[in-house]
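Peer 1:
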Amino acid sequence: MTRIEERLREDLPALADALIAAPSSTPARDAPEPGTGPIALEAARNRRSWSTRLAVAAAAAAVVVVAGIAMGAGRDSDTALDTSDRTAAPTSFGVWRPLPEAPISTRSYPVSVWTGTEALFWGGSSLDRSFAYTEAVAYDPNAGSWRDVVEPGWGHPGAKGVAVNGELFVLAKGSGARFDFETEEWTSLPPVEGMFFTAVVASEDTIWGLGPVLDDLEGQPDLAIVRYDPDADRWIPGPTFEGTAETAGIIDAARDIDRPAVWTGDAIVVWDAQRGLAFDPDEQAWTLLPRLVPPAGDIVTSREVPGTDGLIVVAELELDGQRTTGVARLDAGRWSWRATDLPPVDLGSATAAGAGSWVVLLPADDPPVTVHLPSGAWHEHGDAPLQGVQGPGTVWTGSQLIVWGGAHHVSSSADPATGMAWTPPPVNTSEVDADGRSGAETDRERLTELDAQLKAEIEAEQRRLAERQMTELDAQQKAKIEAEQRRLDERQNQGE
Amino acid sequence: MRCNISGVSCIVGGEMRGDAIPVSTSRGDPVEVTELFRREHAAMVRLATLLVGSSEQAEEVVQDAFETVDERWSQIERPGAYLRQVVVNGCRGVLRRRDVERRHQQLALVDEVEHLPTHLIELHEALAKLSERQRAVIVLRYFVDLPDEEIVEILGCRPPTVRSLARRGLRLLRKELQ
Chain W
1 MTRIEERLRE
11 DLPALADALI
21 AAPSSTPARD
31 APEPGTGPIA
41 LEAARNRRSW
51 STRLAVAAAA
61 AAVVVVAGIA
71 MGAGRDSDTA
81 LDTSDRTAAP
91 TSFGVWRPLP
101 EAPISTRSYP
111 VSVWTGTEAL
121 FWGGSSLDRS
131 FAYTEAVAYD
141 PNAGSWRDVV
151 EPGWGHPGAK
161 GVAVNGELFV
171 LAKGSGARFD
181 FETEEWTSLP
191 PVEGMFFTAV
201 VASEDTIWGL
211 GPVLDDLEGQ
221 PDLAIVRYDP
231 DADRWIPGPT
241 FEGTAETAGI
251 IDAARDIDRP
261 AVWTGDAIVV
271 WDAQRGLAFD
281 PDEQAWTLLP
291 RLVPPAGDIV
301 TSREVPGTDG
311 LIVVAELELD
321 GQRTTGVARL
331 DAGRWSWRAT
341 DLPPVDLGSA
351 TAAGAGSWVV
361 LLPADDPPVT
371 VHLPSGAWHE
381 HGDAPLQGVQ
391 GPGTVWTGSQ
401 LIVWGGAHHV
411 SSSADPATGM
421 AWTPPPVNTS
431 EVDADGRSGA
441 ETDRERLTEL
451 DAQLKAEIEA
461 EQRRLAERQM
471 TELDAQQKAK
481 IEAEQRRLDE
491 RQNQGE
Chain E
497 MRCNISGVSC
507 IVGGEMRGDA
517 IPVSTSRGDP
527 VEVTELFRRE
537 HAAMVRLATL
547 LVGSSEQAEE
557 VVQDAFETVD
567 ERWSQIERPG
577 AYLRQVVVNG
587 CRGVLRRRDV
597 ERRHQQLALV
607 DEVEHLPTHL
617 IELHEALAKL
627 SERQRAVIVL
637 RYFVDLPDEE
647 IVEILGCRPP
657 TVRSLARRGL
667 RLLRKELQ
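Chains W and E are the protein sequences, given in the same order.
Position one of the first sequence corresponds to residue 1 (this note's numbering), numbered consecutively onward.
Position one of the second sequence corresponds to residue 497 (this note's numbering), numbered consecutively onward.
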């Protein structure tokens with residue numbers, strides 16, 4: 001949690017209580033007219049008061065308000081609203097379909113990104129990472145077709161890549177390259193000093209590389225982070241995280257080329273088992289994340305899920321000798337478990353991918369599992385074209401998850417596909433009330449109503465202003481006439 | 497195949513979530529509505545006070561919200577969550593109205609906060625500089641402690657929007673409170 005977040009958690013309750021206890025802080029126009037204050041306020045309240053049958057409850061509630069203020073500062077954790085409410089479960093879990101065959105053979109761990117129109121796959125390696133590939137291909141989900149893409153002429157079994165601002169950035173060891181989606185040209189990136197890359201992350205429009213510090217021989221291992229400056233075409237060092245005994249496991253995980261670092265929308269996170277480190281680019285600071293604790297039993301291991309909004313972690317859980325899989329989410333410094341009863345998955349060989357409000361688990365030897373995060377509902381897809389795949393590339397297009405490559409252990413048909421695509425069910429984004437209106441429609445109606453009220457109030461004020469002006473004009477006119485009459489009378493008197 | 501939801505091409509049944517909303521236009525049972533009021537009024541007033549910066553306006557918004565919930569009680573699946581949504585929307589309307597009135601120079605806001613500790617005055621003034629959506633996200637996240645998924649439902653926006661509003665709001669608050 002950052003310093004500003006800590007301050008908000010501490011001071012917002014105190015501010016609320018202080019404002020409630022304060023003298024009236026209403027806008028000037030609502031202040032009572034002199035001499036009619038209490039009567040005017042009471043009349044205003046009566047216009048909006050509870051219906052008669054609840055008047056007794058209102059009086060009783062006054063005691064509650066006083067008690068609420070007396071409880072003073074501290075979290076508003078005593079609200080009885082159930083913040084663990086889930087949304088409705090989906091009525092279906094989407095469909096899988098095989099992809100047509102790609103123009104190149106499958107390989108494991110290809111760099112996989114969405115260009116905006118195509119799923120681009122580059123590089124990759126053998127399953128044991130002993131051999132690297134150099135080719136690139138792109139799949140157009142609208143056309144359902146593949147094409148070859150120019151390759152950079154090199155490959156690396158541990159290469160990582162992300163897309164940002166219309167380009168693919170790939171990093172490996174101490175350098176990398178960038179690929180422009182429009183011009184389809186590869187350009188080398190400058191080498192980095194003092195570290196080598198094991199992870200690359202895009203935060204909005206910035207590229208970050210993470211990895212071990214070179215020649216880091218003393219004490220606990222450290223974790224370096226650098227930012228790419230496209231204008232200067234160089235890497236700008238960020239603050240190195242100096243490892244401790246407590247963080248050794250996390251940094252070891254960050255040094256593992258099989259582990260991705262993820263961008264949560266607020267921070268870059270590296271994760272291991274039950275703890276993680278977060279780097280806030282705005283504050284240029286590292287913080288240790290809260291420990292992930294299961295609701296029951298133990299966490300055997302866990303992995304972060306790339307491509308999600310926020311930090312999502314998939315965990316192998318064990319309780320009384322029974323294994324299951326769970327999915328947890330970190331929001332504003334607090335963990336919440338979305339599901340804990342998925343079938344057991346070997347996270348060491350499985351792939352997890354974010355797909356909108358879903359997480360898709362691709363075990364190496366079992367069918368894929370889709371998890372609907374808002375409801376915690378999940379489904380194991382025995383009908384997917386690939387029933388076990390290890391090390392595929394995955395690309396979320398915004399409407400479907402493309403899965404290609406990897407080692408295919410089990411297939412559901414005699415003619416195994418080399419890839420598959422999953423389309424989630426249509427999104428039901430709103431509750432519908434008794435009149436069949438969605439929450440969004442209700443909000444729009446309420447806004448229209450508020451706008452009409454506001455317009456009426458402004459017009460009424462303008463009329464009052466106009467009336468005042470007319471009154472002033474009348475007074476001025478009357479004064480002029482009286483002055484003229486006096487001059488006329490004087491002239492007449494002089495004439496007489 | 498397995499799953500944890502019944503009736504979805506699955507072998508194993510599980511708990512059903514998301515029951516259909518019954519169609520009815522009657523008000524709620526007074527006992528139930530009163531219980532909701534007793535339970536939630538204080539918390540909703542605190543929430544609304546932080547959103548609009550005024551306890552008196554907050555009380556009016558909350559009273560209106562309880563009226564709305566009472567009128568639609570039998571149509572609502574989760575009264576507590578719906579109440580909160582109505583309160584937040586009501587507060588946003590107050591803030592938008594206040595902005596329009598300020599632009600028309602028909603209103604001079606009088607904030608009687610001089611008696612508060614300095615650090616709370618600073619926070620109060622900093623919150624006032626946020627847009628009404630940024631303010632809503634900040635208060636719902638760090639005061640009510642809601643997960644982003646629930647904030648998405650209340651504000652009717654996408655998860656990336658909530659995160660973006662939070663990030664920008666925090667950035668502005670950090671700058672104001674330095």
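Ideal Cβ positions, reconstructed from N, Cα and C, are used throughout, including at glycine.
1) Closer than 8 Å by C-beta to ALA28 (chain W): which residues in its own chain qualify, once you throw out the five before and the five after it? Chain order, please.
2) Is GLN322 (chain W) helix, strand or coil by DSSP?
3) Here's the rule: buried if 16 or more other CB atoms are within 10 angstroms of the residue's CB, otherwise exposed. What is ALA143 (chain W)?
4) State the Cα-Cα distance for the pair THR497 (chain W) and THR91 (chain W), rounded to the nearest angstrom.
5) Cβ of GLU645 (chain E) less than 7 Å from any chain W Cβ?
6) Just to confirm, is the Cβ distance from LEU317 (chain W) to GLY348 (chain W) under 7 Å?
7) What's the call for LEU223 (chain W), buried or exposed, on a 16-neighbour Cβ count within 10 Å?
8) Report the option in W:ALA407, W:SER357, W:SER375 and W:ASP365 whose CA atom is closest to the CA atom of LEU401 (chain W).
9) Please report the distance separating the alpha-carbon of PRO426 (chain W) from that of VAL403 (chain W).
10) Using beta carbons (cut-off 7 Å, strictly below), is SER336 (chain W) in contact with chain E?
11) Just mark ILE492 (chain W) as buried or exposed, buried being the case when its beta carbon has 16 or more other beta carbons within 10 Å.
12) Given this structure, state the Cα-to-Cα distance separating GLY326 (chain W) from VAL609 (chain E), to the nearest angstrom.
13) What does LEU8 (chain W) touch in chain E if you count any residue whose Cβ is under 7 Å from its own?
14) Excluding the five sequence neighbours on either side, which residues of its own chain have a C-beta within less than 7 Å of the C-beta of GLN284 (chain W), listed in chain order?
15) Evaluate contact between the region 572-592 of chain E and the region 530-546 of chain E, counting only Cβ atoms and requiring at least three cross-stretch pairs below 8 Å.
16) Let's see if you can read the secondary structure: which residues bound the alpha helix (DSSP H) around THR530 (chain E)?
17) On the premise that VAL314 (chain W) lies in contact with LEU361 (chain W), defined as a C-beta separation below 8 Å, what is that separation, rounded to the nearest angstrom?
18) Could you tell me if VAL519 (chain E) is buried or exposed, where buried requires 16 or more neighbouring beta carbons within 10 angstroms of its beta carbon?
19) Measuring only the C-alpha atoms, how far is ALA407 (chain W) from PRO103 (chain W)?
20) Out of W:GLY382, W:LEU373 and W:ALA377, which one is the CA nearest neighbour of ASP528 (chain W)?
21) Hey, does SER542 (chain E) have any beta-carbon neighbour from chain W nearer than 7 Å?
22) Grouping DSSP H, G and I as helix and E and B as strand, with all else coil, what is VAL582 (chain E)?
23) Since I believe GLN220 (chain W) is in contact with ALA245 (chain W) (beta carbons under 8 Å), could you give me their beta-carbon distance rounded to a whole number of angstroms?
24) In the DSSP assignment, find the unbroken beta strand (DSSP E) run with LEU99 (chain W) in it and report its ends.
25) Going by beta carbon distance, what residues of the same chain come within less than 8 Å of SER551 (chain E), once the five residues before and after it are set aside?
26) For the beta strand (DSSP E) containing THR370 (chain W), name the first residue and the last one.
27) Buried or exposed: which applies to MET470 (chain W), given that a residue is buried once 16 or more other Cβ atoms fall within 10 Å of its Cβ?
28) Use the C-beta contact count for ASN46 (chain W): other C-beta atoms within 10 angstroms, 16 or more gives buried, fewer gives exposed.
29) Which of helix, strand or coil does DSSP assign to HIS615 (chain E)?
30) TYR228 (chain W) lies in the beta strand (DSSP E); which residues open and close that run?
31) Would you tell me roughly how many angstroms separate the C-alpha atoms of GLY116 (chain W) and TRP396 (chain W), rounded to the nearest one?
32) Can you tell me whether HIS156 (chain W) is buried or exposed, with buried defined as 16 or more other CB within 10 angstroms of its CB?
33) From PRO110 (chain W) to LEU342 (chain W), what does the alpha carbon distance come to, in whole angstroms?
34) If contacts are defined as beta-carbon pairs under 8 Å, then VAL200 (chain W) and LEU171 (chain W) qualify, I think. What distance do you get, rounded to the angstrom?
35) Could you spell out where the alpha helix (DSSP H) holding TYR638 (chain E) opens and where it closes?
36) Is DSSP giving THR115 (chain W) helix, strand or coil here?
Peer 2: With the structure as the only source:
1) To locate residue 28 (chain W), count along the first sequence from 1; it is residue 28. Model confidence at ALA28 (chain W) stands at a pLDDT of 40, short of 50, so the residue's coordinates are unreliable; what they give is reported in the following sentence. Excluding residues within five positions, none has a Cβ falling inside 8 Å.
2) Stepping through the first sequence from its first residue, residue 322 (chain W) is reached at position 322. Of the three classes helix, strand and coil, the one that applies to GLN322 (chain W) here is strand, per DSSP.
3) In the first sequence, counting from the first residue as 1, residue 143 (chain W) sits at position 143. ALA143 (chain W) comes out exposed.
4) Given a span of 1 to 496 for chain W in the structure shown, any question on residue 497 (chain W) remains unanswerable.
5) Counted from its first residue, the second sequence places residue 645 (chain E) at position 149. So yes, GLU645 (chain E) belongs to the interface.
6) Within the first sequence, numbered from 1, the residue matching residue 317 (chain W) stands at position 317. Within the first sequence, numbered from 1, the residue matching residue 348 (chain W) stands at position 348. No, the Cβ-Cβ distance between LEU317 (chain W) and GLY348 (chain W) is not below 7 Å.
7) Here the question's residue 223 (chain W) lines up with position 223 in the first sequence. Under this definition LEU223 (chain W) is a buried residue.
8) On the first sequence, residue 401 (chain W) is found 401 positions in, with the first residue counted as 1. Nearest of W:ALA407, W:SER357, W:SER375 and W:ASP365 to LEU401 (chain W), Cα basis: W:SER357.
9) Your numbering for residue 426 (chain W) matches position 426 in the first sequence. Your numbering for residue 403 (chain W) matches position 403 in the first sequence. Each residue's Cα considered, the two are about 20 Å apart.
10) By one-based count along the first sequence, residue 336 (chain W) stands at place 336. Cβ-Cβ to chain E under 7 Å: yes for SER336 (chain W).
11) As a first step, residue 492 (chain W) must be located in the first sequence, where it is residue number 492. According to the sequence as given, residue 492 (chain W) is Gln; it is not Ile. GLN492 (chain W) should be labelled exposed.
12) Your numbering for residue 326 (chain W) matches position 326 in the first sequence. Your numbering for residue 609 (chain E) matches position 113 in the second sequence. Cα to Cα, the separation comes out at about 48 Å.
13) If you number the first sequence from 1, residue 8 (chain W) lands on position 8. Neighbours of LEU8 (chain W) on chain E, chain order: ILE634 and TYR638.
14) The residue given as residue 284 (chain W) occupies position 284 in the first sequence. For GLN284 (chain W), where only same-chain residues beyond five positions count, the Cβ hits under 7 Å are GLY238 and PRO239.
15) These segments touch.
16) Working through the second sequence from its first residue, we reach residue 530 (chain E) at position 34. THR530 (chain E) -> alpha helix (DSSP H) spans 526-548.
17) In the first sequence, residue 361 (chain W) corresponds to position 361, counting from 1. In the first sequence, residue 314 (chain W) corresponds to position 314, counting from 1. Right, the Cβ-Cβ distance comes to about 7 Å (below 8 Å), so this counts as a contact.
18) Numbered from its first residue, the second sequence carries residue 519 (chain E) at position 23. The predicted position of VAL519 (chain E) is uncertain, since its pLDDT is 38 and thus under 50; no value can be drawn from it.
19) As a working note, residue 407 (chain W) is residue 407 in the first sequence. As a working note, residue 103 (chain W) is residue 103 in the first sequence. The alpha-carbon atoms of ALA407 (chain W) and PRO103 (chain W) are separated by roughly 17 Å.
20) Absent from the model: residue 528 (chain W). The displayed extent of chain W is 1 to 496, so no value can be given.
21) One-based indexing of the second sequence puts residue 542 (chain E) at position 46. Correcting the residue identity first, residue 542 (chain E) is Arg in this sequence and not Ser. Yes, ARG542 (chain E) counts as interfacial toward chain W.
22) One-based indexing of the second sequence puts residue 582 (chain E) at position 86. VAL582 (chain E): helix per DSSP, three-state reduction.
23) The sequence position of residue 245 (chain W) within the first sequence is 245, counting from 1. The sequence position of residue 220 (chain W) within the first sequence is 220, counting from 1. Right, the Cβ-Cβ distance comes to about 6 Å (below 8 Å), so this counts as a contact.
24) Here the question's residue 99 (chain W) lines up with position 99 in the first sequence. Unbroken run through LEU99 (chain W): none, as it is neither H nor E.
25) To locate residue 551 (chain E), count along the second sequence from 1; it is residue 55. Excluding sequence neighbours, SER551 (chain E) sits near VAL541 and THR545.
26) Counting from one through the first sequence, the residue named residue 370 (chain W) turns up at place 370. Where THR370 (chain W) is concerned, the enclosing beta strand (DSSP E) stretches over 369-372.
27) On the first sequence, position 470 is the one that residue 470 (chain W) refers to. Exposed.
28) Translated into the one-based positions of the first sequence, residue 46 (chain W) becomes position 46. Note that ASN46 (chain W) has pLDDT 42, beneath the 50 cutoff, so the model's placement of it is unreliable and the number below is only indicative. Per the 10 Å Cβ criterion, exposed.
29) For the purposes of this step, residue 615 (chain E) is identified with residue 119 of the second sequence, where counting begins at 1. The answer is helix: DSSP assigns HIS615 (chain E) an H, G or I state.
30) Mapped onto the first sequence, residue 228 (chain W) falls at position 228. Counting along the chain, the beta strand (DSSP E) containing TYR228 (chain W) begins and ends at 223-229.
31) By one-based count along the first sequence, residue 116 (chain W) stands at place 116. By one-based count along the first sequence, residue 396 (chain W) stands at place 396. Spanning the two alpha carbons is a distance of roughly 10 Å.
32) The residue labelled residue 156 (chain W) in the question sits at position 156 within the first sequence. With 16 or more Cβ atoms within 10 Å of its Cβ, HIS156 (chain W) is classed as buried.
33) Numbered from 1 along the first sequence, position 110 holds the residue referred to as residue 110 (chain W). Numbered from 1 along the first sequence, position 342 holds the residue referred to as residue 342 (chain W). Whole-angstrom Cα-Cα distance: 27 Å.
34) In the first sequence, the residue the question calls residue 200 (chain W) occupies position 200. In the first sequence, the residue the question calls residue 171 (chain W) occupies position 171. Indeed, because the Cβ distance is near 4 Å, the residues count as touching under 8 Å.
35) Residue numbering aside, residue 638 (chain E) sits at position 142 when the second sequence is read from its first letter. Here the alpha helix (DSSP H) through TYR638 (chain E) covers 628-638.
36) The count along the first sequence starts at 1 and reaches residue 115 (chain W) at position 115. Coil at THR115 (chain W), not helix or strand.
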